[in-house]
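What follows is a short report on a single structure.
Numbering (the working numbering), first residue to last: 64 to 276.
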């Protein structure tokens, strides 16, 4: 479905509107993106339909420079030379316990770590590194292409149900509690089913990937 088709389903099922105005679509889109953000956060580590890219990133004094896209998770870091040697994630607290001044010498990094939204090499390094990463949250617009929706058509009813629920509690305070609870159940059940299916499809298993110093 297109984003407009998803919103038309929301309007038809939630309030019985078959010919929404631009203002209607704008309001519903805001709630759709609220649901999208929640689904993205819940499934970003194992959603096999999220776009993943491979990029060479410049590193200056240990800090990774800007990526071409917003990122949500770093999947793999490696030397961008012919060796393509993997560089493993390290626990920042562990580094601070052993090397609080971050002064360990080294020509090439043995690891990388995250502080806030910034990524650093350890030891400090200047040069290029290869990074495989999952692209971060991108809000929907009315012109978002169907292929850019990171939830296949068979799961897009979850977007519809979640948006209806958010619309009920955000804009329709006089809706009966029975309707609200039914919409909430449909939304949460769909979210749980989607998460379970995505885990199976991706073969996801949580395994800490920290390297000791």
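For each residue, glycine too, the CB sits at the ideal point set by N, CA and C.
Being a predicted model, the structure only gives us computed values, none of them experimental.
query: Threshold first: 3 residues or longer. Then list the beta strand (DSSP E) segments lying entirely within the segment 173-224, N to C.; result: 174-178, 181-185 and 190-198
query: Which runs of the beta strand (DSSP E) spanning at least 3 residues fall entirely within the segment 100-178, listed in chain order?; result: 115-123, 134-142, 149-152 and 174-178
query: Whose CA, out of 242, 240 and 204, lies closest to the CA of residue 68?; result: 204
query: Count the other CB atoms within 10 Å of the CB of residue 112; is the residue buried (16 or more) or exposed (fewer)?; result: exposed
query: Got a sec, what are the start and stop residues for the alpha helix (DSSP H) residue 259 sits in?; result: 240-265
query: With DSSP run on the structure shown, which of helix, strand or coil describes residue 236?; result: coil
query: Taking DSSP as the reference, what is the three-state secondary structure of residue 82?; result: coil
query: Please classify residue 41: does DSSP put it in a helix, a strand, or coil?; result: Absent from the structure is residue 41, since the part of the chain shown begins at 64 and ends at 276.
query: Can you list, in chain order, the residues of its chain with a C-beta nearer than 7 Å to that of residue 216? Leave out the 5 residues immediately preceding and following it.; result: 64
query: In whole angstroms, what separates the C-alpha of residue 223 from that of residue 267?; result: 26 Å
query: Determine the burial state of residue 85: buried for a count of at least 16 other Cβ atoms within 10 Å of its Cβ, exposed for fewer.; result: exposed
query: Around the C-beta of residue 169, are 16 or more other C-beta atoms found within 10 angstroms, so that it is buried, or is it exposed?; result: exposed
query: To the nearest angstrom, report how far apart residue 154 and residue 177 are at their CA atoms.; result: 8 Å
query: Note down the Cα distance separating residue 232 from residue 226, rounded to an integer number of angstroms.; result: 10 Å
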